[in-house]
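Visitor: The numbers in the UniProt record's numbering rise by one with no breaks, and the one at position 19 of the sequence shown is 19.
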Amino acid sequence: MSDSTSVRAAQVIGIAGSAFVSGAIFSISFVTVPALVEPPADSKVQYSYIAVQWRRLYTLGKSLIPPIATTAATAYTYAAYQMHPFPECGWYATAGVLTFGIVPFTLAVMKKTNDKLHDKAGVVDDIGLEGAEEAELLRTEKTEDLVTRWKWLNAQRGLFPLVGAIIGAVTTTVYA
Numbered sequence: 001m002s003d004s005t006s007v008r009a010a011q012v013i014g015i016a017g018s019a020f021v022s023g024a025i026f027s028i029s030f031v032t033v034p035a036l037v038e039p040p041a042d043s044k045v046q047y048s049y050i051a052v053q054w055r056r057l058y059t060l061g062k063s064l065i066p067p068i069a070t071t072a073a074t075a076y077t078y079a080a081y082q083m084h085p086f087p088e089c090g091w092y093a094t095a096g097v098l099t100f101g102i103v104p105f106t107l108a109v110m111k112k113t114n115d116k117l118h119d120k121a122g123v124v125d126d127i128g129l130e131g132a133e134e135a136e137l138l139r140t141e142k143t144e145d146l147v148t149r150w151k152w153l154n155a156q157r158g159l160f161p162l163v164g165a166i167i168g169a170v171t172t173t174v175y176a
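#1: Would you kindly report the start and end of the unbroken alpha helix (DSSP H) that includes T106?
#2: Indicate the three-state DSSP secondary structure (helix, strand or coil) for F86 in the structure shown.
#3: Can you tell me which of W54, V12, Q11 puts its alpha carbon nearest to the alpha carbon of A121?
#4: Alpha carbon to alpha carbon, how far is R8 from G96?
#5: Helix, strand or coil: which one does DSSP assign to S18?
#6: Quick one: complete alpha helix (DSSP H) runs, 4+ long, within the stretch 23 to 78?
#7: I need the straight-line Cα distance from Y175 to G168, nearest angstrom please.
#8: For the alpha helix (DSSP H) holding I155, just list the boundary residues, first then last.
#9: In or out: V123 buried (at least 16 other Cβ within 10 Å) or exposed?
#10: Would you report the Cα separation of L64 and Y92, rounded to the nearest angstrom?
#11: Going by C-alpha distance, which of G61, A165, T172 is nearest A73?
#12: With a Cβ-Cβ cutoff of 7 Å, do T106 and W150 count as a contact?
#13: Could you compute how far the alpha carbon of L117 sits from the alpha carbon of T143?
#14: Put L138 into one of helix, strand or coil per three-state DSSP.
#15: Return the CA-CA distance between Y81 and Q11, expressed in angstroms with no decimal places.
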């Protein structure tokens with residue numbers, strides 16, 4: 001079993017990275033999105049603007065979260081490779097696959113909802129907020145419903161790196 005500094009660093013990077021990714025995803029779902037969708041009662045927030053805000057949130061998250069997940073998954077992969085043929089190898093590989101699992105989940109499960117929200121934000125870009133608000137009233141699928149659906153899909157996505165972090169931490173602790 002390798003006990004090198006590089007393996008220890010990979011373990012720390014994998015665990016911390018996957019925990020950070022999970023926390024960021026859950027924070028977006030359970031703190032940020034409710035603040036977007038549930039404005040104060042006295043507010044005159046136009047629901048079409050929620051799509052624009054969601055797009056900003058999505059763009060920020062897309063630039064931060066996948067690179068950290070990829071780094072964590074790579075660290076787990078390195079630890080798994082260095083631990084071969086010991087039992088830890090499989091556990092670190094599993095943690096890496098789960099952490100990176102946010103990417104295929106986004107593409108396979110969330111893409112349709114993401115595309116609809118991007119389209120709604122594009123309407124605001126094209127015809128302005130007032131026109132988009134009028135168009136919103138005629139639609140069967142409302143922006144707030146789409147954002148709420150996205151929130152729950154995003155929360156499901158957050159489970160992948162959470163389980164990855166747990167597996168990484170338990171493996172590091174048990175086989176230390």
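C-beta: ideal position from N, C-alpha, C; glycine also.
Guide: Looking at the coordinates:
#1: No alpha helix (DSSP H) holds T106; DSSP gives it neither H nor E.
#2: Coil.
#3: With distances taken between CA atoms, A121 lies nearest to W54 out of W54, V12, Q11.
#4: Per the coordinates, the alpha-carbon of R8 lies some 15 Å from the alpha-carbon of G96.
#5: For S18, the secondary structure class from DSSP, reduced to helix, strand or coil, is helix.
#6: With a minimum length of 4 residues, the continuous alpha helix (DSSP H) runs that stay inside the stretch 23 to 78 are 33 to 37.
#7: When rounded, the distance between both Cα atoms is 11 Å.
#8: Note that residue 155 corresponds to Ala in the displayed sequence, not to Ile. Residues 143 to 174.
#9: Looking at its Cβ environment, which holds 16 or more other Cβ atoms inside 10 Å, V123 is buried.
#10: Per the coordinates, the alpha-carbon of L64 lies some 23 Å from the alpha-carbon of Y92.
#11: If we check each option's Cα against that of A73, A165 comes out closest.
#12: Not in contact: T106 and W150 (Cβ atoms no closer than 7 Å).
#13: C-alpha separation (whole angstroms): 7 Å.
#14: Its pLDDT being 45, under 50, L138 is placed unreliably in this model, and the value from its coordinates should be taken loosely. Helix at L138.
#15: The C-alpha of Y81 lies about 12 Å from the C-alpha of Q11.
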